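Novice: Numbering (our numbering), first residue to last: 144 to 370.
1) With 16 other CB atoms within 10 Å as the buried threshold, where does residue 369 fall?
2) For residue 148 and residue 230, I'd like the C-alpha separation in whole angstroms.
3) Can you tell me the Cα-Cα spacing of residue 180 and residue 197, whole angstroms?
4) What residues in its chain sit with their C-beta under 7 angstroms from that of residue 296, if we drop five residues either side in the sequence?
5) When you compare each of 344, 326, 158 and 244 to residue 217 by their alpha carbons, which one comes out closest?
6) Less than 8 angstroms between C-beta atoms, sequence neighbours within five positions excluded: which residues of the same chain meet that for residue 284?
7) Measure how close the beta-carbons of residue 162 and residue 187 come, nearest whole angstrom, since I'm counting them as under 8 angstroms.
8) For residue 152, count the other beta carbons within 10 Å of its own beta carbon; 16 or more makes it buried, fewer makes it exposed. Which is it?
9) Within this structure, are the beta carbons of residue 223 and residue 234 separated by less than 8 angstroms?
10) Please report how far the alpha carbon of residue 361 lies from the alpha carbon of residue 299, in whole angstroms.
11) Can you tell me the Cα-Cα spacing of residue 363 and residue 329, whole angstroms?
12) Measure the beta-carbon distance from residue 275 to residue 303 and round it to whole angstroms, keeping in mind my assumption that it falls under 8 angstroms.
13) Quick check on the DSSP output: the alpha helix (DSSP H) that includes residue 174 runs from which residue to which?
14) Taking the DSSP output, what are the residues bridged to residue 225?
15) Given residue 202, which residues of its chain have a CB within under 8 angstroms of its CB, disregarding the five upstream and five downstream residues?
16) Would you kindly report the start and end of the unbroken beta strand (DSSP E) that includes residue 337?
17) Cutting at 6 angstroms between CB atoms, please list the residues of its own chain near residue 192, excluding the five before and the five after it.
18) Considering only heavy atoms of the ligand SAM, does any lie closer than 7 angstroms to the CB of residue 357?
19) Under the rule that 16 or more other beta-carbon atoms within 10 Å means buried, what is residue 246, buried or exposed?
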């Protein structure tokens with residue numbers, strides 16, 4: 144079965160709130176827009192859009208973008224409104240990190256791959272509060288003793304990046320609310336331990352896709368809780 148049209152992520156210019164989780168969305172946050180029951184578009188943060196595990200690949204390198212898109216099970220186009228030209232303009236693509244790594248290996252020599260990977264790691268570290276990420280990681284491991292520590296650290300770093308629209312940026316998360324820890328872990332497992340992304344790209348509606356993978360997701364979470 145072929146791909147459906149890639150989801151679109153908008154760089155917001157106005158403040159608002161996520162229609163699903165209620166998290167405050169500042170100007171500059173990345174959101175998706177979905178038509179509500181009344182025909183009015185509602186904004187969703189990347190966590191609630193199930194896109195928060197993806198990494199951003201800026202426009203400019205057509206070969207890298209093409210190859211990363213080919214390897215990525217799930218991807219999204221990032222656009223921003225140009226007030227002067229009165230149109231949305233593409234800023235880049237969200238792809239899976241492993242897909243980007245494969246694409247870089249195809250496009251660059253090994254030394255360049257290492258340099259680019261290190262640069263992206265430094266960029267991610269720079270936008271995240273290190274102490275907060277460490278605390279978030281510890282809370283994950285307390286709640287999920289069976290979680291591999293590197294995976295817990297990966298979840299925390301993804302969740303806590305600034306302007307990411309992810310669950311870790313909410314006020315509750317900053318207080319290390321157990322509910323936000325659970326949301327972050329389940330989001331990670333949904334994309335890594337189930338075929339959820341395949342279902343989305345096959346055109347299965349989000350709610351139905353979540354229903355289909357619910358048992359597998361619950362089992363994966365239980366295994367991490369059991370230790």
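Heads up, the beta-carbon is just placed ideally off N, CA and C, and yes, glycines get one too. If you're wondering where the values come from, they're calculated on a predicted model, not measured in any experiment.
Specialist: Taking the coordinates as given:
1) exposed
2) 20 angstroms
3) 28 angstroms
4) 280
5) 344
6) 290, 292 and 295
7) 6 angstroms
8) buried
9) yes
10) 20 angstroms
11) 9 angstroms
12) 6 angstroms
13) Here residue 174 belongs to no alpha helix (DSSP H); instead the beta strand (DSSP E) covers 173-178.
14) 230
15) 208, 233, 234, 235 and 236
16) Here residue 337 belongs to no beta strand (DSSP E), and DSSP marks it neither H nor E.
17) 175
18) This structure lacks the ligand SAM; in fact it carries no ligand of any kind.
19) buried
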